[in-house]
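Inspection log for the structure reproduced underneath, given as structure tokens.
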Amino acid sequence: MSGDLIECESGLLPIGSAVLCLDLVEAVFQQALATRSLFKRREVLLPDYEPDCILHRDEELRAFAQILAPALRGDRILNAMLFGLPGTGKTVVARYVLRRFASVARAQDRSVRVLYVNCRVEGSEYKVLVAMCRGLGVDVPSTGLAKAELYARLFRAVDARGGAVIAVLDEVDAVYRPGESQLLYLLTRMNESTRRGKLSLTIISNSVTFKELMDARERSALFEEEILFHPYTFEQLYDILKHRAELAFRESVVPEETLRYCAAIAAKEHGDARRALHLLRVAGELADRAGAPQVTPQHVDAAIAAVDRQVVRSALASLPIHAKLVLLAVARLCYQRGSDPTSGEVFAYYARLCRERGLRPRNERTFRSIVANLDLYGLVTARLESRGRYGRTRRIHALVTPEEVEAALCSER
DNA sequence: CTTCCACCGGAAGTACCGGTAA
DNA sequence: TTACCGGTACTTCCGGTGGAAG
Numbered sequence: 017m018s019g020d021l022i023e024c025e026s027g028l029l030p031i032g033s034a035v036l037c038l039d040l041v042e043a044v045f046q047q048a049l050a051t052r053s054l055f056k057r058r059e060v061l062l063p064d065y066e067p068d069c070i071l072h073r074d075e076e077l078r079a080f081a082q083i084l085a086p087a088l089r090g091d092r093i094l095n096a097m098l099f100g101l102p103g104t105g106k107t108v109v110a111r112y113v114l115r116r117f118a119s120v121a122r123a124q125d126r127s128v129r130v131l132y133v134n135c136r137v138e139g140s141e142y143k144v145l146v147a148m149c150r151g152l153g154v155d156v157p158s159t160g161l162a163k164a165e166l167y168a169r170l171f172r173a174v175d176a177r178g179g180a181v182i183a184v185l186d187e188v189d190a191v192y193r194p195g196e197s198q199l200l201y202l203l204t205r206m207n208e209s210t211r212r213g214k215l216s217l218t219i220i221s222n223s224v225t226f227k228e229l230m231d232a233r234e235r236s237a238l239f240e241e242e243i244l245f246h247p248y249t250f251e252q253l254y255d256i257l258k259h260r261a262e263l264a265f266r267e268s269v270v271p272e273e274t275l276r277y278c279a280a281i282a283a284k285e286h287g288d289a290r291r292a293l294h295l296l297r298v299a300g301e302l303a304d305r306a307g308a309p310q311v312t313p314q315h316v317d318a319a320i321a322a323v324d325r326q327v328v329r330s331a332l333a334s335l336p337i338h339a340k341l342v343l344l345a346v347a348r349l350c351y352q353r354g355s356d357p358t359s360g361e362v363f364a365y366y367a368r369l370c371r372e373r374g375l376r377p378r379n380e381r382t383f384r385s386i387v388a389n390l391d392l393y394g395l396v397t398a399r400l401e402s403r404g405r406y407g408r409t410r411r412i413h414a415l416v417t418p419e420e421v422e423a424a425l426c427s428e429r
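Residues 17 to 429 in my numbering are what the first sequence spells out, letter by letter.
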């Protein structure tokens, strides 16, 4: 190796394009040094930040604290359900109350163990059980065991340590389909077979349909308490943004109108505080990079576009190869003729694309599932249409350009 | 009124993968 | 080594179905 770049620090001249390159990078660093960031504590706006004070959720905080409180006296606590739309404060309330609960319990020397598991992060029922076991200090293999064995080990762990275990399963709808799995049933019935230890369960769900899907008998038998989280109103979102902005940004870099604008956008989208904070953060980053003195509503508009683009790009990138090819077929057909192709036409085109690449096309049924998934991800819209004598089909419309799909396809290999 | 097209989408089964236990 | 585990991707099979044409 030549080591030109390292040597240049000690006085030797770098060769050729390295000079240019060095100046370019140097300029970025120098600018960063010369201008002050608009941020004071950027992490305050990140989704996993746990605030010290939670605004506009007094009812919910009190209700959840009341559910947990009996455990401090050694009594059994009731199983609970927290539900509401995304960004309505469920997770933040639950984690806050759990944190405070744990510290009080520790001070009182109570033998209470708190487990918090995010089911979406874990990804499957099996992995949720693994996380629970490990949370209780039992090492279990991350795969390979029968579920029944895992339940048995969890039972034993709860019983062996005695006292109460409070388990909170966040985003439970990610791994639990009512009727398909016995997860919640088995966990809530665990107390009947343990003698010393007691397990209490709190589940958190984003999905409103989840509650309806779970049949009423099951629900009332398993969960004695329910807390509903309503969407934040415009005023509440504004307060939250104002509070966080004061912590996150230097003084007077975020004008009132920017906060109001962010709040208004999030209020329109079912009062999602997470979305509002995300927009504010990205707007701040864009303003920072542009060297602007303030974060303006124009930066928020740019943030919306940037976030949307990013969502599309990462959704595209994570698609399996056949989904990308189906999407490319839809995008090309839409683009070429300016109208939406039918399901049959797209399948024929997709099959051709596969053969061109030496791939075996998936069959028609799988193809329909792929289209249904693309629809779910918001990359296409597929509406059912009846053409009478000429049958029924789906009209599939691409929401991305052929170029975007081709770019994603290129990175495939 | 019936027929019949061009699909739809649920159910069940198969194959495979990365892993464990004995 | 063998038998088995859960999860995922895919296939096979097949009973629907809205509405223009006849």
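The beta carbon of each residue, even a glycine, is placed where N, CA and C say it ideally should be.
Check your understanding: Terminal residues of the continuous beta strand (DSSP E) containing asparagine 134?
Key -> Counting along the chain, the beta strand (DSSP E) containing asparagine 134 begins and ends at 128-134.
Review point. Can you tell me where the alpha helix (DSSP H) with threonine 382 in it begins and where it stops?
Key: 380-392
Practice item. Determine which residues share a DSSP beta bridge with glycine 213 and list them. Key: Gly179
**Study point:** Spatial distance of leucine 185 from leucine 49 (CA atoms)
**Key:** 44 Å
Exercise for review: Could you pull the start and end residues of the beta strand (DSSP E) that histidine 413 belongs to?
Suggested key: 408-414
Review point. Looking at serine 197 and glutamate 241, is the spacing between their C-beta atoms short of 7 Å?
Key: no
Exercise for review: Can you grab the Cα-Cα spacing for the pair alanine 279 / alanine 289, in whole Å?
Suggested key: 8 Å
Review point. Can you find at least 3 beta carbon pairs, one from the segment 63-72 and one from the segment 104-119, that sit closer than 8 Å?
Key: yes
Practice item. Specify, as a first and last residue, the run of the beta strand (DSSP E) that valine 396 falls within. Key: For valine 396, the uninterrupted beta strand (DSSP E) run begins and ends at 396-402, by DSSP.
Practice item. Buried or exposed for lysine 284, please, with buried defined as at least 16 other CB atoms from any protein chain shown within 10 angstroms of its CB. Key: exposed
Point to revise | Check whether arginine 408 and arginine 399 have beta carbons under 7 Å apart | key: no
Check your understanding: Leaving out five residues before and five after glutamine 252 in sequence, what residues of the same chain have Cβ atoms less than 6 Å from its Cβ?
Key -> His72
Check your understanding: For alanine 347, does the count of other Cβ atoms within 10 angstroms reach 16, so buried, or fall short, so exposed?
Key -> buried
**Study point:** Outcome for glycine 153 when other beta-carbon atoms lying within 10 angstroms are tallied against a minimum of 16
**Key:** exposed
Point to revise | Exposed unless 16 or more other CB atoms sit within 10 angstroms - verdict on phenylalanine 45 | key: exposed
Exercise for review: Please determine if the segment 128-139 and the segment 147-161 are in contact, where contact requires at least 3 C-beta pairs separated by less than 8 Å.
Suggested key: Touching, per the Cβ criterion.
Practice item. Excluding the 5 residues preceding and the 5 following valine 174 in the sequence, name in chain order all residues of the same chain whose CB lies nearer than 6 Å to its CB. Key: Val181, Thr210, Gly213 and Leu215.
Review point. From this set, Leu293, Leu40, Leu101 and Ala306, which residue's C-alpha is nearest glutamate 59's C-alpha?
Key: When each option's Cα is compared against that of glutamate 59, the closest is Leu293.
Practice item. May I ask you to verify whether the segment 81-97 touches the segment 295-302, counting CB pairs closer than 8 Å and requiring at least 3? Key: no
Practice item. Determine the burial state of arginine 169: buried for a count of at least 16 other Cβ atoms within 10 Å of its Cβ, exposed for fewer. Key: Buried, because 16 or more other Cβ atoms sit within 10 Å of the Cβ of arginine 169.
Review point. With distances taken from CA atoms, which of Leu395, Ser359, Gly287 and Leu101 is nearest serine 432?
Key: The question about residue 432 has no answer, for the chain in this structure spans 17 to 429.
Check your understanding: Which of the three DSSP states, helix, strand or coil, is assigned to serine 221?
Key -> strand
Review point. What residue from Gly178, Val146, Gln124 and Glu380 has the CA that sits closest to serine 158's CA?
Key: Val146
Review point. Can you tell me whether glycine 300 is buried or exposed, with buried defined as 16 or more other CB within 10 angstroms of its CB?
Key: buried
Check your understanding: Between the segment 302-309 and the segment 89-101, do at least 3 Cβ pairs fall closer than 8 Å?
Key -> no
Point to revise | Cβ separation of isoleucine 220 and alanine 110, assumed to be a contact under 8 Å, to the nearest whole Å | key: 6 Å
Point to revise | Rounded separation between alanine 264 and histidine 246 - CA only | key: 26 Å
Review point. Of the choices Val327, Leu166 and Leu332, whose alpha-carbon is the least far from that of leucine 203?
Key: Closest in C-alpha terms to leucine 203, from the list Val327, Leu166 and Leu332, comes Leu166.
Point to revise | Residue span of the alpha helix (DSSP H) that contains leucine 200, given as start and end | key: 199-205
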